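Asker: Questions regarding the structure given below will be posed in turn.
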Amino acid sequence: MRSQELRKQVGNMMTDPISDMLTRIRNAAMVSKHTVELPMSKVKFALAKVLETEGYLAGVERADGLKHPMLRLALKYDSGTSKIESIKRISKPGRRVYVKAQELPYVRSGHGIAIISTPNGLMTSSEARKRRLGGEVICEIY
Numbered sequence: 004m005r006s007q008e009l010r011k012q013v014g015n016m017m018t019d020p021i022s023d024m025l026t027r028i029r030n031a032a033m034v035s036k037h038t039v040e041l042p043m044s045k046v047k048f049a050l051a052k053v054l055e056t057e058g059y060l061a062g063v064e065r066a067d068g069l070k071h072p073m074l075r076l077a078l079k080y081d082s083g084t085s086k087i088e089s090i091k092r093i094s095k096p097g098r099r100v101y102v103k104a105q106e107l108p109y110v111r112s113g114h115g116i117a118i119i120s121t122p123n124g125l126m127t128s129s130e131a132r133k134r135r136l137g138g139e140v141i142c143e144i145y
């Protein structure tokens with residue numbers, strides 16, 4: 004009986020919160036939702052701020068006052084279609100992907116962005132290229 008309870012607990016445990024965030028954004032964009040709420044963390048907030056400055060999200064705000072702090076994202080649409088065509092996790096818990104500054108990826112020949120986790124924080128691959136920083140490739144968006 005004890006092993007069944009343990010399996011249930013492990014089944015509900017989230018191993019990759021960033022992947023969960025990207026999946027929630029992807030699913031909301033597919034059904035044309037205007038807002039997405041997800042559990043708050045510093046990394047997710049920084050990732051959302053990068054998406055906002057690059058024009059993929061209309062707004063990012065922290066929703067306090069609830070039992071747990073939440074992150075509320077406002078999706079951006081252009082004449083009914085989402086600005087986010089595709090959002091894909093690159094570096095995963097089972098396989099981390101690190102690149103040097105000279106090897107930073109170009110997404111869709113510069114029409115998309117790759118978000119890189121560098122020693123100076125999260126930034127786009129073009130910004131990391133300008134600063135000559137490498138790091139972990141978090142995701143690609145176009």
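Under the working numbering, the sequence shown has 68 at position 65, and the numbering climbs by one with no breaks.
Backbone N, C-alpha and C fix where the C-beta goes; we use that ideal spot for every residue, glycine too.
Treat the numbers as computed from the prediction; the structure is a model and nothing was measured.
1) Starting from the N-terminal side, write out each stretch of the beta strand (DSSP E) that is 3 residues or longer and does not extend beyond the segment 6–89.
2) With 16 other CB atoms within 10 Å as the buried threshold, where does R135 fall?
3) Do I144 and Y59 count as a contact pair if the criterion is CB distance below 8 Å?
4) Using CA atoms only, rank isn't needed, just tell me which of P122, G97, R92 and G124 is closest to V110.
5) Buried or exposed: where does M24 fall if 16 or more other Cβ atoms within 10 Å of its Cβ makes it buried?
6) Using a Cβ-Cβ cutoff of less than 8 Å, which residues in the same chain neighbour R99 once the five nearest sequence positions on both sides are dropped?
7) For I119 and T127, what's the separation of their Cα atoms in angstroms?
8) Where do the N-terminal and C-terminal ends of the alpha helix (DSSP H) with A131 fall, by residue?
9) Do you know whose CA, among T18, V46, E64 and E57, lies nearest V2's CA?
10) Does the beta-carbon of T84, which I'm using as the reference point, lie nearer than 7 Å to any heavy atom of the ligand FAD?
Answerer: Walking through what the data contain:
1) 38–42, 60–66 and 73–78
2) To locate residue 135, count along the sequence shown from 1; it is residue 132. Its Cβ having fewer than 16 others within 10 Å, R135 is exposed.
3) By 1-based counting over the sequence shown, the position of residue 59 is 56. By 1-based counting over the sequence shown, the position of residue 144 is 141. Yes, the pair counts as a contact, with Cβ atoms nearer than the cut-off.
4) Position 107 of the sequence shown, counted from the start, is the residue given in the question as residue 110. If we check each option's Cα against that of V110, R92 comes out closest.
5) Translated into the one-based positions of the sequence shown, residue 24 becomes position 21. Under this definition M24 is a buried residue.
6) In the sequence shown, residue 99 corresponds to position 96, counting from 1. Here the set comprises E139.
7) Reading the sequence shown from its first residue, position 116 is the one you call residue 119. Reading the sequence shown from its first residue, position 124 is the one you call residue 127. Looking at the two C-alpha atoms, the distance is approximately 6 Å.
8) The sequence position of residue 131 within the sequence shown is 128, counting from 1. First-last of the alpha helix (DSSP H) with A131: S128 to R134.
9) Because the chain here runs from 4 to 145, residue 2 falls outside it and cannot be looked at.
10) Here there are no bound small molecules, and the ligand FAD is not part of this structure.
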